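Visitor: Each residue of the sequence shown is one higher than the last, beginning at 1018 in our numbering. No residue lacks a Cβ here, since even glycine has one placed at the ideal position from N, Cα and C. The structure presented is a predicted model; accordingly, all values stated were derived computationally and were not measured.
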Amino acid sequence: MIVVFSGAGLSAESGIPTFRGAGGLWEGYKIEEVATPLGWMQNQKLVLDFYTQGFEKMQQCQPNAAHFAIAELANHFNVVCITQNIDTLLEKAGVKDVWHIHGRIDHEKCEWHFDIPPMYAQWQCNYKAQINKPVQWGDLCPKCGKHLRPDVVWFGEAVDMRVDDLYKIQSQVEVFIVVGTSAQVYPAANLLKFFQAVPTKYFIDPNPNYEVLDGFNVLEGKATEYLPALVESLKEELA
Ligand code: NAD
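1) Figure out for me which residue from Ala-1091, Val-1097 and Ser-1023 has the closest Cα to the Cα of Leu-1183.
2) Going straight from the alpha carbon of Cys-1127 to that of Leu-1106, what length do you get?
3) With a threshold of 16 other CB atoms inside 10 Å of the CB of Leu-1165, please say whether the residue is buried or exposed.
4) Using the beta-carbon count (16 or more within 10 Å), is Gly-1032 buried or exposed?
5) Where DSSP assigns a beta bridge to Val-1257, which residues make up the other side?
6) Which residue marks the beginning of the beta strand (DSSP E) containing Tyr-1137, and which one marks its end?
7) For Ile-1148 and Gln-1076, I'd like the C-alpha separation in whole angstroms.
8) So, with DSSP's three-state summary, where would you put Leu-1027?
9) The beta strand (DSSP E) that contains Phe-1067, what's its start and end?
10) Compute every distance between the C-beta of Asp-1104 and the non-hydrogen atoms of the ligand NAD, then say whether any falls below 7 Å.
11) Quick check on this structure: which residue in Gln-1189, Ala-1240 and Leu-1065 has the alpha carbon closest to the alpha carbon of Phe-1212?
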């Protein structure tokens, strides 16, 4: 089994900017204003404007050679794709099953939908749905009437790491490929520790975070520069 763990850098060459190194701004917005529960409480309209722009941009963007290389890998091997990305470029490239641990731009949920233990279920609404247009100011949950919001995980919110599934696959993983992530956003970055014992590990990034690279083969460069060639060599080695 091969696990591919991706971050914003995978989609950078498709025209979707990463935000590290951009002075705490993402597409000109302050991250704390548009990607935190407090930002939502303070100005829902601003948050929805930001995600409307993101939705439209991400709909227009096309997968790049690195997304297609991952799809090719999944055609040949048992591949689990875990992504921090909220875009759906891996799906557009033909990857069937992607674990979106930070949510998806093309889904909405009730603002009262929380990842909390079942004992608190009376305080939440479990509405979630796929959408073909962004959530607008005034769109209300069809189930409980509270406001709708994008189905993305904001800073400070719980991340569904699919821990049960992770433990099921941990011992079967032969190759672990990490691409385009600063590995600074937790708990997602804990995956590098979780798969530490995997025999063959690659890290592809033009500016790799050397603090987390123990045991990795580091391919210092862009995703499109290294992933297609890596996939071809894995096809030969593992055939
Ligand atoms: P990040 O912005 O923290 O780091 C991006 C990493 O990508 C950096 O290490 C950078 O060196 C690298 N990179 C830049 N160009 C690259 C390229 N062409 N090829 C390979 N790597 C490249 O991103 P992160 O670690 O994913 O964490 C940021 C958070 O923001 C995540 O939660 C993510 O969901 C969210 N985000 C998502 C998107 C998206 O959905 N496409 C875009 C921006 C941010």
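Guide: If we stick to the structure as given:
1) Closest by alpha carbon: Val-1097.
2) Cys-1127 and Leu-1106 have their C-alpha atoms some 24 Å from each other.
3) Burial of Leu-1165 is indicated by the presence of at least 16 other C-beta atoms within 10 angstroms of its C-beta.
4) Using a 10 angstroms sphere on the CB of Gly-1032, the tally of other CB atoms stays under 16, which defines it as exposed.
5) Missing from the structure shown is residue 1257; the chain here goes from 1018 to 1256 and no further.
6) Per DSSP, Tyr-1137 belongs to no beta strand (DSSP E) and is neither H nor E.
7) Roughly 12 Å separates the two Cα atoms.
8) Helix.
9) For Phe-1067, there is no enclosing beta strand (DSSP E); the enclosing alpha helix (DSSP H) has its first and last residue at 1061-1077.
10) Because some heavy atom of the ligand NAD lies under 7 Å away, the Cβ of Asp-1104 counts as near it: yes.
11) Nearest to Phe-1212 by alpha-carbon distance, out of Gln-1189, Ala-1240 and Leu-1065, is Gln-1189.
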